[in-house]
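Enquirer:
Protein chains: 2
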Amino acid sequence: MRPTVKDIARHAGVSAATVSLVLRNSPLVAAATRAGVQTSMDSLGYVYHRAAANLRMRLTHTVGLVICEITNPFYAELAAGIDDALDQAGWVAFVANTAESPTRQSRFIARMREHRVDGILLAPAEGTSAEVVDELSRNGIPVVQMLRRVGRSADYVSADFRLGMTLAAEHLIRLGHQRIAFVGGARRVSPARDRTEAFRAILPRFGLPVGPIVNCLPTREGGAAAVGQLFRDKSSAPTAVVCHNDLCALGVMLGLADLGLVPGRDAAVVGFDNIPEGAMHRPALTTVAIGGRQIGEEGARLLLRRIKSPEGPPESIILPPKLVVRESCGPRPSI
Amino acid sequence: MRPTVKDIARHAGVSAATVSLVLRNSPLVAAATRAGVQTSMDSLGYVYHRAAANLRMRLTHTVGLVICEITNPFYAELAAGIDDALDQAGWVAFVANTAESPTRQSRFIARMREHRVDGILLAPAEGTSAEVVDELSRNGIPVVQMLRRVGRSADYVSADFRLGMTLAAEHLIRLGHQRIAFVGGARRVSPARDRTEAFRAILPRFGLPVGPIVNCLPTREGGAAAVGQLFRDKSSAPTAVVCHNDLCALGVMLGLADLGLVPGRDAAVVGFDNIPEGAMHRPALTTVAIGGRQIGEEGARLLLRRIKSPEGPPESIILPPKLVVRESCGPRPSI
DNA sequence: AAATACTATTGGAACGATCTAAATCATAAA
DNA sequence: TTTATGATTTAGATCGTTCCAATAGTATTT
Numbered sequence: 039m040r041p042t043v044k045d046i047a048r049h050a051g052v053s054a055a056t057v058s059l060v061l062r063n064s065p066l067v068a069a070a071t072r073a074g075v076q077t078s079m080d081s082l083g084y085v086y087h088r089a090a091a092n093l094r095m096r097l098t099h100t101v102g103l104v105i106c107e108i109t110n111p112f113y114a115e116l117a118a119g120i121d122d123a124l125d126q127a128g129w130v131a132f133v134a135n136t137a138e139s140p141t142r143q144s145r146f147i148a149r150m151r152e153h154r155v156d157g158i159l160l161a162p163a164e165g166t167s168a169e170v171v172d173e174l175s176r177n178g179i180p181v182v183q184m185l186r187r188v189g190r191s192a193d194y195v196s197a198d199f200r201l202g203m204t205l206a207a208e209h210l211i212r213l214g215h216q217r218i219a220f221v222g223g224a225r226r227v228s229p230a231r232d233r234t235e236a237f238r239a240i241l242p243r244f245g246l247p248v249g250p251i252v253n254c255l256p257t258r259e260g261g262a263a264a265v266g267q268l269f270r271d272k273s274s275a276p277t278a279v280v281c282h283n284d285l286c287a288l289g290v291m292l293g294l295a296d297l298g299l300v301p302g303r304d305a306a307v308v309g310f311d312n313i314p315e316g317a318m319h320r321p322a323l324t325t326v327a328i329g330g331r332q333i334g335e336e337g338a339r340l341l342l343r344r345i346k347s348p349e350g351p352p353e354s355i356i357l358p359p360k361l362v363v364r365e366s367c368g369p370r371p372s373i
Numbered sequence: 039m040r041p042t043v044k045d046i047a048r049h050a051g052v053s054a055a056t057v058s059l060v061l062r063n064s065p066l067v068a069a070a071t072r073a074g075v076q077t078s079m080d081s082l083g084y085v086y087h088r089a090a091a092n093l094r095m096r097l098t099h100t101v102g103l104v105i106c107e108i109t110n111p112f113y114a115e116l117a118a119g120i121d122d123a124l125d126q127a128g129w130v131a132f133v134a135n136t137a138e139s140p141t142r143q144s145r146f147i148a149r150m151r152e153h154r155v156d157g158i159l160l161a162p163a164e165g166t167s168a169e170v171v172d173e174l175s176r177n178g179i180p181v182v183q184m185l186r187r188v189g190r191s192a193d194y195v196s197a198d199f200r201l202g203m204t205l206a207a208e209h210l211i212r213l214g215h216q217r218i219a220f221v222g223g224a225r226r227v228s229p230a231r232d233r234t235e236a237f238r239a240i241l242p243r244f245g246l247p248v249g250p251i252v253n254c255l256p257t258r259e260g261g262a263a264a265v266g267q268l269f270r271d272k273s274s275a276p277t278a279v280v281c282h283n284d285l286c287a288l289g290v291m292l293g294l295a296d297l298g299l300v301p302g303r304d305a306a307v308v309g310f311d312n313i314p315e316g317a318m319h320r321p322a323l324t325t326v327a328i329g330g331r332q333i334g335e336e337g338a339r340l341l342l343r344r345i346k347s348p349e350g351p352p353e354s355i356i357l358p359p360k361l362v363v364r365e366s367c368g369p370r371p372s373i
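So the protein sequences, as listed, match chains W and D. The numbers in the numbering used here rise by one with no breaks, and the one at position 132 of the first sequence is 170. The numbers in the numbering used here rise by one with no breaks, and the one at position 162 of the second sequence is 200.
1. Cβ of E318/W within 8 Å of Cβ of R364/D?
2. Show which residues of chain D have a CB atom less than 8 Å away from the CB atom of H153/W.
3. Please confirm if the segment 220 to 227 of chain D is in contact with the segment 271 to 288 of chain D, defined as three or more CB-CB distances below 8 Å between the two stretches.
4. Any beta carbon of chain W sitting closer than 8 Å to that of E164/D?
5. Can you check whether the C-beta of G20/W is within less than 8 Å of a C-beta belonging to chain D?
6. Excluding sequence positions up to five away, which residues of its chain have a Cβ less than 7 Å from the Cβ of G289/D?
7. Going by beta carbon distance, what residues of the same chain come within less than 6 Å of P111/D, once the five residues before and after it are set aside?
8. Skipping 5 residues on each side, what residues in its chain have a beta carbon closer than 8 Å to that of A367/D?
9. Cβ of E315/W less than 8 Å from any chain D Cβ?
10. Along the segment 288 to 309 of chain D, what residues have a CB closer than 8 Å to any CB found in chain W?
11. Mind checking if P321/D is an interface residue toward chain W, Cβ cutoff 8 Å exclusive?
12. What residues in the segment 254 to 273 of chain D have a beta carbon less than 8 Å from any beta carbon of chain W?
13. Express the C-alpha separation of L285/W and L97/D in angstroms, rounding to a whole number.
14. Mind pulling the chain W residues with CB within less than 7 Å of I108/D?
15. Would you kindly report the start and end of the unbroken beta strand (DSSP E) that includes V170/W?
16. What does the Cβ neighbour count give for T77/W, buried or exposed, with the cut at 16 atoms within 10 Å?
17. Buried or exposed for A123/W, please, with buried defined as at least 16 other CB atoms from any protein chain shown within 10 angstroms of its CB.
18. Taking buried to mean at least 16 other C-beta atoms within 10 Å of its own C-beta, is E7/W buried or exposed?
19. So for L255/W, helix, strand or coil by DSSP?
20. From what residue to what residue does the beta strand (DSSP E) around D311/D run?
21. A236/W and R200/W look like a contact to me (Cβ under 8 Å); what is the Cβ gap, rounded to whole Å?
22. Could you give the residue range of the alpha helix (DSSP H) that holds A161/W?
23. Within the segment 277 to 363 of chain W, note down every full beta strand (DSSP E) run reaching 3 residues or more, in order along the chain.
24. Can you tell me which of the three DSSP states N110/W falls into?
25. Is the distance from the Cβ of N392/D to the Cβ of I158/D below 8 Å?
26. For chain W, find out if any of its Cβ atoms is closer than 8 Å to the Cβ of L103/D; answer yes or no.
27. What is the residue span of the alpha helix (DSSP H) that A219/D lies within?
28. Could you tell me if L66/W is buried or exposed, where buried requires 16 or more neighbouring beta carbons within 10 angstroms of its beta carbon?
29. For R226/D, I'd like the list of residues in its chain whose CB is within less than 8 Å of its CB, leaving aside the five on either flank, ordered along the chain.
30. Using 8 Å as the limit for Cβ to Cβ distance, is R225/D near chain W?
31. Provide the residue(s) that pair with A134/W in DSSP beta bridges, ordered along the chain.
32. When the cut-off is 8 Å and only beta carbons count, does S85/D lie next to chain W?
33. Does DSSP put A70/D in a helix, in a strand, or in coil?
34. Around the C-beta of A204/W, are 16 or more other C-beta atoms found within 10 angstroms, so that it is buried, or is it exposed?
35. Output needed for A322/W: all residues of its chain with C-beta closer than 8 Å, excluding positions within five of it in sequence on either side, in chain order.
36. In terms of residue numbering, what span does the alpha helix (DSSP H) encompassing D45/D cover?
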């Protein structure tokens, strides 16, 4: 059996209450007593039983991390950022990978509530209803929505996807492109909507037609497949493609290559996210950097703040994206 | 305040003990009583307080997941597999990303012990001493080491990297290659050692010299940099390169492309892991599939078994790798 | 009718910490 | 010597559950 405060108390010749005070670094306890208790703890190999303490205190110092797809490198970065911030504060996260399944997500959330997490970091699965977030808020469980916003009752951390799309489009327009396509947008999630709306809005402002929009999954496979649709008819094919994310953009470049076209020369390609593999690709991918790691850190910190002071209206942190120009966008090809 | 079993008991007109029996689906309780308790729970919005129950029972139904680098897509797959298996069993995992830092790792493990995890799934950071695992084992905390083995006192799940290397090398030899290099091996971890040793062993068996071995980090950057060393002198350059992992292999292909060489034509490249991006690359990467997801699942299941019955000698599960032939290996280029 | 067996239910003590309020102790002041 | 003061220490209740042993209640057997 592992030693408890009682065992330490007996061994050190004090009461359990005193041991507890030592554990909590209370100034009330005399230096000599503290030292004695410390040596007892060392010699018995005491391990603090946080779960037992949690029962008495109101906090578990634990949060739930619910992620829509951990194998997506962008969300892996997000998770790493969260892990960093929580580590600094001495907190731990339960993790759950919903794989974009709202059912799985609900199951995970229920399980985490049973474990009495103090709050939840949620990158919602596609198709998550606002009710999921509202229900948690109603029950006094702080939630921070990350990237995808499904409810208005909880905090939100994200990037300004509209601005990101504007940066990307303006860059292409400045290079002389006039037929600009958008690939992605199949997802029924706020960042996809934001991008699509911004895309529809920015082109007319420059007197350009809103190029074709192809719905596809934001994966390499989806991007590669979209190329087939866009470039079937050479005469109407776009000269530039903005993609929902880098994964998708890498797919588009792959699709172009398979058609014998060179990305950056025969068609410009821009992505979103700035995942590492974009930089280590040829041609290197021009992209809108979203800063997943930073969003994760900010999200974790916001959640901890919210747990400490649950009052006040929901907060939003919207980080500005940055255009990273690399090789995948050349000037409009002369026809 | 959230309702407790006592509140439910009062509301349903039974004792707390009976509510507990209902919660645990005990056959002891009469159908009518059970129904009454159920409706009380529904109407009061009861949420099971597992942490409190844990204190009484000896299990927390919680494991620690300590991963050396979650942003590496291979380990992300591993994590997804673990998550799947735990979900099926109704368990939850605390997650920690050590980012290859043994210090961070020790801190995380200590924190998880305070939370009284029932076991730990460990993909050890580079430089982890056997003592870390032994200490846990001595204290009766089940550990499953994943991929990297640092101690003999705990279970281990991995792939047969020696066999993997043999498959890769034989494939290249069969294609006619005679100057075969190995890129990777900088890591002081068992899978790297296994690969290196197998590499050294297999070539002499075919009467071939053990080609150059370049130590580098198993990243795109590392692979790309290694190309510079290997292909500086054209006359002695290898015709085939086996890489520590796919990330590294993608880097090597990038480096080759930057030298104007075409992977698969001017030099063959093989990776390890079979991460998704290898398939969606041109040329598509030939690789030794390790099955990270499956290793994760097996590891989680093994840990749960071990938690249920802690007795018995440490177990090892070594899964066979599979060669996935794609485009990055052609026959030996005629000079 | 009494004894037996079985089914449902329950009070109260755990689990391992913290918290409150009160007790103890030394020291200085009256 | 007594009292006041401040510094330490502690007994005992508490958090929300499960477990044990005991208690009713009901049906079956003798």
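All C-beta atoms, glycine included, are put in the ideal place defined by N, C-alpha and C. For clarity, every value in this text was computed on a predicted model and none was experimentally measured.
Expert: The relevant details are as follows:
1. For the purposes of this step, residue 318/W is taken as residue 280 along the first sequence, with counting starting at 1. For the purposes of this step, residue 364/D is taken as residue 326 along the second sequence, with counting starting at 1. It should be noted that the sequence gives Met, not Glu, for residue 318/W. Not closer than 8 Å, so no.
2. Taking the first sequence and counting its residues from 1, one reaches residue 153/W at position 115. R88, A89, T100 and V130, listed in chain order.
3. Taking 8 Å as the limit for Cβ pairs, the verdict is that the segment 271 to 288 of chain D does touch the segment 220 to 227 of chain D.
4. The residue given as residue 164/D occupies position 126 in the second sequence. Against chain W, the CB of E164/D has no partner CB under 8 Å away; the residue lies outside that interface.
5. Since the first residue of chain W shown is 39 and the last is 373, residue 20/W is not available in this structure.
6. Counting from one through the second sequence, the residue named residue 289/D turns up at place 251. Correct list, in chain order: T257, R258, E259, G260, G261 and A262.
7. For the purposes of this step, residue 111/D is taken as the residue at position 73 of the second sequence. Once the five neighbours on either side are set aside, the close Cβ partners of P111/D are I313.
8. If you number the second sequence from 1, residue 367/D lands on position 329. The amino acid at residue 367/D is misidentified as Ala; the sequence shows Cys. Leaving aside the five residues that flank C367/D on each side, the residues in its chain whose CB is nearer than 8 Å to its CB run, in chain order, H209, L210, L213, A278, G302, A306, V307, V308 and T324.
9. By one-based count along the first sequence, residue 315/W stands at place 277. Yes, E315/W counts as interfacial toward chain D.
10. Answer set for the segment 288 to 309 of chain D: L288, G289, L292, A295 and D296.
11. As a position in the second sequence, residue 321/D is number 283, starting the count at 1. No, because no Cβ of chain W sits closer than 8 Å to the Cβ of P321/D.
12. Of all residues in the segment 254 to 273 of chain D, R258, E259 and A262 have a Cβ within less than 8 Å of some Cβ in chain W.
13. Residue 97/D sits at position 59 when you count from the first residue of the second sequence. Residue 285/W sits at position 247 when you count from the first residue of the first sequence. Each residue's Cα considered, the two are about 41 Å apart.
14. Stepping through the second sequence from its first residue, residue 108/D is reached at position 70. In chain order: A114, A117 and A118.
15. Here the question's residue 170/W lines up with position 132 in the first sequence. It is not in any beta strand (DSSP E) - V170/W instead sits in the alpha helix (DSSP H) that spans A168 to R176.
16. Position 39 of the first sequence, counting from 1, holds the residue named residue 77/W. Per the 10 Å Cβ criterion, exposed.
17. In the first sequence, residue 123/W corresponds to position 85, counting from 1. Classification of A123/W: buried, given that the 10 Å Cβ count is 16 or more.
18. Here chain W comprises residues numbered 39 to 373, so residue 7/W is not present and cannot be evaluated.
19. Position 217 of the first sequence, counted from the first residue, corresponds to residue 255/W. Here L255/W sits in coil by DSSP.
20. Walking along the second sequence from the start, residue 311/D turns up at place 273. Counted as a single uninterrupted DSSP element, the beta strand (DSSP E) harbouring D311/D occupies residues A306 to D311.
21. Residue 236/W sits at position 198 when you count from the first residue of the first sequence. Residue 200/W sits at position 162 when you count from the first residue of the first sequence. Rounded, the Cβ-Cβ distance is 4 Å, consistent with contact.
22. Residue 161/W sits at position 123 when you count from the first residue of the first sequence. Boundaries for A161/W: no alpha helix (DSSP H) harbours it, and the DSSP string shows neither H nor E there.
23. Whole beta strand (DSSP E) segments, 3+ residues: 278 to 281, 306 to 311, 324 to 327, 354 to 357 and 360 to 362.
24. On the first sequence, residue 110/W is found 72 positions in, with the first residue counted as 1. The answer is coil: DSSP assigns N110/W none of H, G, I, E or B.
25. What the structure shows of chain D is the stretch from 39 to 373, and residue 392/D is not part of that stretch, so it cannot be assessed.
26. Stepping through the second sequence from its first residue, residue 103/D is reached at position 65. For L103/D, the answer is yes, since a Cβ of chain W falls inside 8 Å of its Cβ.
27. As a position in the second sequence, residue 219/D is number 181, starting the count at 1. No alpha helix (DSSP H) contains A219/D, which is instead part of the beta strand (DSSP E) from I218 to V221.
28. Within the first sequence, the letter at position 28 stands for residue 66/W. It is exposed - the Cβ of L66/W has fewer than 16 other Cβ atoms within 10 Å.
29. What you label residue 226/D is simply residue 188 of the second sequence in a count that begins at 1. A distance below 8 Å between beta-carbons, with the five flanking residues on each side excluded, links R226/D to the following residues of its chain, in chain order: E164 and G165.
30. Taking the first residue of the second sequence as position 1, residue 225/D is located at position 187. Chain W, which has no Cβ nearer than 8 Å to the Cβ of R225/D, makes this no.
31. Within the first sequence, residue 134/W is the residue found at index 96, counting from 1. Partner residues in the beta bridge of A134/W, as assigned by DSSP, are V104/W.
32. Taking the first residue of the second sequence as 1, we reach residue 85/D at position 47. Residue identity check: residue 85/D is Val in the sequence provided, not Ser. V85/D counts as touching chain W.
33. Mapped onto the second sequence, residue 70/D falls at position 32. In the structure shown, A70/D sits in a helix (DSSP, three-state: H, G or I).
34. Here residue 204/W is taken as the residue at index 166 of the first sequence, counted from 1. In the sequence under discussion, the amino acid at residue 204/W is Thr, which differs from the Ala named in the question. When all chains shown are included, T204/W counts as buried.
35. On the first sequence, residue 322/W is found 284 positions in, with the first residue counted as 1. Once the five neighbours on either side are set aside, the close Cβ partners of A322/W are G316, R364, E365 and S366.
36. The sequence position of residue 45/D within the second sequence is 7, counting from 1. DSSP places D45/D inside the alpha helix (DSSP H), whose first and last residues are V43 to A50.
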